[in-house]
Structure formats: C-alpha cells, structure tokens
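**Student:**
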Amino acid sequence: MRQIGLAAGTALLIVVWELAVQAIILAVGWQPGELALYASDKVGFALLLALALTIARHWRTSGFMGPLAISRWWLLWPIWFDAAVPLTQGLAEDSPRYLAGWAAVSLAVGFGEEGLFRGVLMPQLGLDRPRRAIIVSSVLFGAIHLAGLLSPIDSRLVLAQAASVVGLGLILGAVRIRTRSLWPCMIVHAVLDFCGIASGGGVVEAMQYSDEALFSMLGAGAVAFAWGSLLCWRLPPSSAFTRPATA
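So the number in the numbering used here is just where the residue sits in the sequence shown, counting from 1, plus 79.
#1: Take residue 245 as the anchor and find which of 281, 122, 154 and 299 has the nearest alpha-carbon.
#2: Mapping DSSP to helix, strand and coil, what is residue 291?
#3: Looking only at C-alpha atoms, which of 251, 224, 239 and 280 sits nearest to residue 293?
#4: Quick one: what's got a C-beta closer than 6 Å to residue 147's C-beta in the same chain, skipping five residues either side?
#5: Out of 135, 257, 191 and 214, state which residue places its alpha-carbon closest to the alpha-carbon of residue 83.
#6: Taking the CB atoms as reference points, tell me whether residue 183 and residue 283 lie closer together than 8 Å.
#7: Runs of 4 residues minimum, wholly inside the segment 166-205: which ones carry the alpha helix (DSSP H) assignment?
#8: Out of 90, 119, 275 and 140, state which residue places its alpha-carbon closest to the alpha-carbon of residue 202.
#9: If residue 204 sits next to residue 253, beta carbons under 8 Å apart, how far is it from one beta carbon to the other, in whole angstroms?
#10: Taking the alpha carbon of residue 250 as the reference point, which residue from 151, 128 and 110 has its own alpha carbon closest?
#11: What residue from 285, 248 and 307 has the CA that sits closest to residue 164's CA?
Quick look at the structure:
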C-alpha cells in the first residue's frame, strides 16, 4: 500500500504542475492562444521531468535507455488504429507552423506522460510484480485525465476519455514490460495525440461532443481494455523483464 500511495502522489504532480501553470498565466495577465497554452504546459512539464530524471539519475531505470523494439510495435495495434482513424477526415490545417507546433506539443505529451506513468510510476510500484504495476499505473493514468473536468471540454467526453485511457495504459504498460523500453510507448502516444489534434483543429475542437464521438471513444476503450488485459494475463507472474535493456 505504501508503494501505491507513493505512486498516487507522484501522479498528482502533473495536476499540480497544470494548476501552477494556470496560476502563473493569471498572475501575469497573459492570454495565450490554445497552441501557446498547451505548449507552455506540456513542454514545460516535459522539461521539468527531464531535469528530475537527470538529478535523480533515473534515465536508465525509467526505460529511456531501452531499444526502439520495432518488432514489438504490432502489440500496440489498437492505439495505431485509433491514431489512423481521424486522418481519414484529413487535416484541419496544413500550414507547416501549425503542424510543427502541435507536433512539438504531442512529443512533449508522449515524453511527459509516458515518462511519468510508465517510466517513473511502474518502477515505483515494482517491476518484479508487473501486473500490479501495470494495473495501478493505468488506473492512475485514467484518474489524472479527470482533470479535464476543469476545462471547457464536455464532461461526458472527459469521463469517457478517463475510462478509455485505462485500457490504453494496460497496453502501454505491458509493452513497457515486454520490451524493457519506454520508446515504443512514447512514440505511439505522441502519434495518437498528434493525429487527433491535427485532424480535429486543436484539442478543444477535437473533443467536441457528439453521440458518435462518445460511443466511438468508449468502443475504442473497450477494445484497448480487452487487448491490454490479454497482454497482462500472458505476462509471467514474476517478470523476467526487470533489468533495463541497453540501447
């Protein structure tokens, strides 16, 4: 229980950071556009995490020194599929500056969230108990997304997203264990976010409520949960994948 409590406290750091960013913006009277707001938030958190990992010398134990493990990327197929679907509608805007900006934000989110949940929290929970580490980190991953209730996004979509990403967390956690690497998780996470944002015209626009969007999100979450549960079930009870791999 102590490990779970410590992991929950660590997960809350991302909420504390976002509240701090909002407080600073209000204090200085800045009125950023959506891209500038998300860039300051997500890129800032990624830099903070990188600094913390450097000070603590935890880059290797967090999985950053692992291989790309491209041969295992097929295990992430539900996430690749979710990323590809929005692109069937094309891009909302094709200017290089727009795409580069959201690409940078997406990379920062992939680094920050995977670095925290799969890189820091899972070792905290114990990679020698892989199923527990995956499940607890996935539930915390979903819970953190409830912070979206403070945003202008429809609460029904926020709740659906929070439930759906638990399934994504199971897949990402299982791949983290199997590959002893964070790179596949960071890459697919960044691609998923970028495709959704670029095709939707921004975060808020991409999260506009409709019954179709709600049921699509819940359906994708159910598929991810089923596949992630299968991957977790097929892990050995005491994983042999506890030593960080070298690049």
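No residue lacks a Cβ here, since even glycine has one placed at the ideal position from N, Cα and C. Since this is a predicted model, take the numbers as computed values, not measurements.
**Tutor:** Taking the structure as given:
#1: 299
#2: helix
#3: 239
#4: 262
#5: 214
#6: no
#7: 175-193 and 201-204
#8: 140
#9: The pair is not a contact, with the Cβ atoms about 14 Å apart (cut-off 8 Å).
#10: 151
#11: 285
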